[in-house]
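Q: Chains as they are written, first to last, in our numbering: chain A, 2 to 551; chain B, 2 to 551. By construction, the Cβ of each residue, glycine as well, lies at the ideal position given by its N, Cα and C atoms. This one's a predicted model, so the numbers in the text were calculated from it and none came from an experiment. Could you have a look at this structure, given as structure tokens, before my questions?
2 protein chains.
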Amino acid sequence: MKFTVAQLNYHIGNFSGNKELICKAIQKAKSAGSDLIIFSELCIPGYPPLDLLDRLDFIEKCDQTVQEIAKECTGIAAIVGSPTRNKMTEGKKLFNSALLLSEGEVLYSANKALLPTYDIFDEYRYFEPQKQFSVFLFKGLRLAITICEDLWDEQPFDNEFEKSRLYTVSPMEKLARQNPDIIINIAASPFSYTKIETRENIFISKAVKYKIPVISVNQTGANTELIFDGASIIINEKGKIFNQLPFFEEAVETYSFENIKSGTIFLEEQKIDSISLIHKALVTGLRDYFVKSGLRNSIIGLSGGIDSALCLCLAAEALGHENVRALLMPSRYSSDHSVSDAVALAKTLKVQYDIINIEKPFSAFEEDLAPVFNGMKPDVTEENIQARVRAILLMAVSNKYGCIVLNTSNKSEAAVGYGTLYGDMAGGLSLIGDVYKTDVYRLAGFINRNSKIIPEHIIKKLPSAELRPDQFDTDSLPDYNILDSILYQYIELQKPASRIIKEGADKDTVLKVIRMIDFNEYKRYQAPPVLRISSKAFGAGRRMPLVARH
Amino acid sequence: MKFTVAQLNYHIGNFSGNKELICKAIQKAKSAGSDLIIFSELCIPGYPPLDLLDRLDFIEKCDQTVQEIAKECTGIAAIVGSPTRNKMTEGKKLFNSALLLSEGEVLYSANKALLPTYDIFDEYRYFEPQKQFSVFLFKGLRLAITICEDLWDEQPFDNEFEKSRLYTVSPMEKLARQNPDIIINIAASPFSYTKIETRENIFISKAVKYKIPVISVNQTGANTELIFDGASIIINEKGKIFNQLPFFEEAVETYSFENIKSGTIFLEEQKIDSISLIHKALVTGLRDYFVKSGLRNSIIGLSGGIDSALCLCLAAEALGHENVRALLMPSRYSSDHSVSDAVALAKTLKVQYDIINIEKPFSAFEEDLAPVFNGMKPDVTEENIQARVRAILLMAVSNKYGCIVLNTSNKSEAAVGYGTLYGDMAGGLSLIGDVYKTDVYRLAGFINRNSKIIPEHIIKKLPSAELRPDQFDTDSLPDYNILDSILYQYIELQKPASRIIKEGADKDTVLKVIRMIDFNEYKRYQAPPVLRISSKAFGAGRRMPLVARH
């Protein structure tokens, strides 16, 4: 008995593309003599389809694609993920299903029981949870087929409340009563740099508990914010990792059951380097956003600071330097080195650049507004005008040449609202909006690991928005080490201010930072989608009321 | 036995404010000799608290506020809505509860069983559903206490799939076995102009089915996008409306059980006028956004078109003319009447206005971009620059004077992407982003019902963005009557293109419009929050993947 693990990169709503990928892998598996090829969760429509699931024609296309793929399954079976209709007259209209296809037919269907409905997940919005469980006998093996979260029944509810289990049902506990020989898990598990080991340990714990092997098939590639890291994993019946597929790459691998079950462990212990994985995640996320949107060209406002420098490197790597352009937009407040540093980087990366000084439109605005402003002193208004003039220029080149503006704001800035709406917060996609400033430096170090791509001066100088003379970030913000630590505790770990202070942070700083985070929800509401690399990114996974008192 | 219905306007996270409102109503009810005062769903934290529910300190404040209110309940009992802890070791940490408070204690707690998780609702994200049900004996009456959706068990799943029930449980069916004397329903039911009768009929059907009266207590006022219309309703045991509280206003009314049960029906049949209710909803939504954010001043870009004219009227009514300013920003393409019409309206409304011609900054951009554009022909780029120059001016005055920019885009434009991101799509709040253009005209007619506030010429002229010479909306869009009909069917009713065409719409027009809707998801992703008046508004209630093939 041979299993094939197919870790592929699906595209939401691209039924013909997904089908082609799947059929190619089926052919490859057949050549390898495989009995069963396993694809990942909701591979037919792509994940997450969100409210497209409310459309009847979308579901009909899922059904039709499943039927077409079933016909390809001659001499081999396949497990695919797709929404299917709930035939009961009560409950949500759909299930999130794993379908076992063979010789033109759907032989068996398992429905997801544990529907994640937290952070970026909204599965209970669409799906009815399964309540009955049965193993499926396939070529003499009893398969326990589960879908992603179905194996996460023991996860604690991840917040400041006392620890407890999020779910009241354990699908594997019920399936175990039917003596399965192997656990198959099809997943759509997005990358988060803090959750890699947690995920591995869940599969290991199930193998150990039930004394059977586990095959978990994840997908790779990105759909807008969500980046799937692949890393599909095969665990033997003793809970040792038998093999793991690569991070962020497609792969189709075939294994025999006997080898998986108790065979020699041939995977060496890997040291997980989170910065290199975050780098891969961002490049994958950016590339797929363009490929899947049918886009090619991008443009970045290059300030001479570290954030836009890092983004330019990521874009050149993900899209090819010939598909990236840079726009340098110095002002009366820009330091000389800002332009020379930016030019140096653009030249190193072979990225086309233009320089437009923003003085003319900026002073046109100043003049036009003078009668309305009636002698009032310059303040943040004039700083914002500069940032917005730059956004107009970027968007104009974007419109004229058909490029997408890449947003270069980092998570620390976005958190405290240190940015201008419709100014530097503009863009089609935020590359590093889930990367804290301290990690921006780490990523810059990673980019420079072999040769000095980002000029040393960009890395070493004090962060500044250069919107007024001698302005530095630290004028209005705490040191980034301190800031990021508070942000992480408040945003990712959801600790109350009182606990962050109790654990050693300066009270006034904590209260000031939290006030800034809470106050700036309205800005983030209008921010572009953010490539998600953490367990709590700004965007769809974090839903805050705007009109609220904190 | 006397009941008091308290229809109040709560503010998310404003525990002291909500408590004050509640305690005042308790005093009023005591004076009226009431035995039980009923408040609405989640009145303690305000609705919807969203991810604030993940914060331990937020829940602690709920607990504490409930305790404080319980102490006010001397000689009277109160039913309040609050999140409470799930004490089981498995499942979500919270329930959405109705708590009966009396003499300093929580005497009884009912938890919500049916947790709406569709459109703008995410309740399963936070709450464990209740599975046991019991009536509560209070002063000789058996109360069936339910929470909002708990009575909506029979609602069909609202889409193109075959009809069926969304829920597998009927809380009232279970409570009915314990012979209740009255159904109490505490609600947070947002306004939608298509659902007023549906909602009434649900309560009527329950009264008829179980032959007991129903008291449903809704809230009023708005929290960002969501506008609660009040209209709390009391139905007698024959299913006749005994009384209904006003739409969009606070009210505290006391009734005796005997009168409610079978007393004379003294409410006259009301003709529901949806345009007048939409008008009230928008004024309420706008006013509460400002009041609850602690804001006072607003600014609107006044173009001389009907959308901004309507918005200026709404703003003057909601905020007071002295708190609204208008900015007129004509360009080389503006017609003379655009300015004169806008000025006339501003004068009628006594709204302060300034005029800034955008020529200077616009031509500064043209000059600066010329070398980069290298002789390429004018196109949508230059149109967008004009819209964005206006946004900069609006935001600049907003920054300098501390006003909020009110967005004036309508739903028809937003749907087809007929607007400029960071240009006319900018603003802190979208007033009419859920109002189709054809309803914009109806609302303008309503505003002018007694006297001609909006100049006739603004209403009569052909819609134009005036971004190039002789440009009219109909150059690139179908007639708004046709467009809005297609939009309504695709967005609100979620009909597939094939069915819209089958039912009579022109095929090419339908396909073109739907392509525009799908293509422009990326623009709407960054739009401001939209006051919601329909059953499907853009924003949190409509979640579409950006990188998707349609």
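Verify the CB distance criterion: does A/Ala416 have a CB-CB separation below 8 Å to chain B?
A: no
Q: Using a threshold of 8 Å, state whether the C-beta atoms of A/Val381 and B/Ser294 are closer than that.
A: no
Q: Are at least three pairs of beta-carbons, each pair with one atom in the segment 71 to 80 of chain B and one in the segment 26 to 42 of chain B, less than 8 Å apart?
A: In short, these stretches touch, since the Cβ pair count reaches three.
Q: Along chain A, in chain order, which residues have C-beta atoms closer than 9 Å to that of B/Lys293?
A: Val548, Ala549, Arg550
Q: Could you pull the DSSP bridge partners for A/Gln353 from this structure?
A: A/Arg326
Q: Can you find at least 3 beta carbon pairs, one from the segment 495 to 503 of chain B and one from the segment 369 to 376 of chain B, that sit closer than 8 Å?
A: As far as the Cβ criterion goes, the segment 495 to 503 of chain B does not touch the segment 369 to 376 of chain B, which means the pair count is below three.
Q: Do the CB positions of A/Ile197 and A/Ile236 come within less than 8 Å of each other?
A: no
Q: Got a sec: is the Cβ-Cβ distance from A/Leu488 to anything in chain B below 8 Å?
A: no
Q: Following the continuous beta strand (DSSP E) through B/Leu144, name the residue where it begins and the one where it ends.
A: 142 to 148
Q: Could you tell me the boundaries of the alpha helix (DSSP H) in which B/Ala189 lies?
A: Run containing B/Ala189: none; DSSP gives neither H nor E here.
Q: Of the residues A/Ser341, A/Ala528, A/Ala188, A/Ile70, which one's Cα is nearest the Cα of A/Val406?
A: A/Ala528
Q: Give a yes or no on whether the minimum CB-CB distance between A/Asp64 and chain B is below 8 Å.
A: no
Q: Is the CB of B/Ser452 under 8 Å away from at least one CB in chain A?
A: no
Q: Could you tell me which chain A residues have their CB closer than 9 Å to the CB of B/Leu370, listed as they occur along the chain?
A: Ile357, Leu394, Ala397, Val398, Lys401
Q: Could you check which residue in B/Glu69, B/Asn385, B/Lys3, B/Ile38 has the C-alpha nearest to that of B/Gly18?
A: B/Glu69
Q: Alpha carbons only, please: which of B/Ser110, B/Glu161, B/Ser190, B/Lys210 is nearest the one belonging to B/Leu138?
A: B/Ser110
Q: So, for B/Ala7: in the same chain, excluding its five sequence neighbours on each side, which residues have a beta-carbon less than 6 Å away from its beta-carbon?
A: Ala26, Ile38, Phe40, Val253
Q: Taking three-plus beta-carbon pairs below 8 Å as touching, is the segment 124 to 143 of chain A in contact with the segment 176 to 190 of chain A?
A: yes
Q: Only counting the same chain, and skipping five residues up and downstream in sequence, which positions put a Cβ closer than 8 Å to that of A/Ser277?
A: Phe447
Q: Going by other Cβ atoms of all chains shown within 10 Å of its Cβ, with 16 needed for buried, is A/Ser399 buried or exposed?
A: buried
Q: Can you list, in chain order, the residues of its chain with a C-beta nearer than 7 Å to that of B/Gly403? Leave out the 5 residues immediately preceding and following it.
A: Asn298
Q: Based on DSSP bridge pairs, tell me the residues matched to A/Lys3.
A: A/Ser257
Q: Output the boundary residues of the beta strand (DSSP E) element that contains B/Thr421.
A: Where B/Thr421 is concerned, there is no enclosing beta strand (DSSP E), given that its DSSP letter is neither H nor E.
Q: With a threshold of 16 other CB atoms inside 10 Å of the CB of A/Gln65, please say whether the residue is buried or exposed.
A: exposed
Q: Count the CB pairs spanning the segment 48 to 68 of chain B and the segment 471 to 489 of chain A that are closer than 8 Å, and state whether there are at least three.
A: no
Q: Report the rounded CA-to-CA distance for A/Glu259 versus A/Met2, giving the unit in angstroms.
A: In this structure, the alpha-carbon of A/Glu259 lies about 8 Å from that of A/Met2.
Q: Tell me where the alpha helix (DSSP H) around B/Arg86 begins and ends.
A: Not the alpha helix (DSSP H): B/Arg86 falls in the beta strand (DSSP E), residues 78 to 86.
Q: Just to confirm the assignment: which complete beta strand (DSSP E) runs, minimum length 3, are found wholly within the segment 433 to 464 of chain B?
A: none
Q: Between the segment 516 to 544 of chain B and chain A, which residues of the former have CB atoms less than 8 Å from a CB of the latter, in chain order?
A: Under the 8 Å Cβ criterion, the segment 516 to 544 of chain B contributes Tyr523, Tyr526, Gln527, Ala528, Pro529, Pro530, Ala541, Arg543, Arg544.
Q: In or out: A/Ile273 buried (at least 16 other Cβ within 10 Å) or exposed?
A: exposed
Q: Given 8 Å as the limit, is there contact between the segment 101 to 117 of chain A and the segment 56 to 64 of chain A, that is, 3 or more CB pairs closer than that?
A: Taking a cut-off of 8 Å for Cβ pairs, the segment 101 to 117 of chain A and the segment 56 to 64 of chain A do not touch, as fewer than three such pairs fall below it.
Q: In three-state DSSP terms, what is A/Phe539?
A: coil
Q: Which same chain residues end up closer than 6 Å to B/Lys524 when comparing Cβ atoms and leaving out the 5 residues on each side of it in sequence?
A: Gly418, Leu422
Q: Quick one, which residues of the segment 70 to 95 of chain B are near chain A if we go by CB-CB under 9 Å, in chain order?
A: Arg86, Asn87, Met89, Thr90, Glu91, Gly92, Lys93, Lys94, Leu95
Q: Look up A/Leu407 in the DSSP assignment and say whether it is helix, strand or coil.
A: strand
Q: Determine the extent of the beta strand (DSSP E) in which A/Thr221 is found, giving its start and end residues.
A: For A/Thr221, the enclosing beta strand (DSSP E) begins and ends at 221 to 224.
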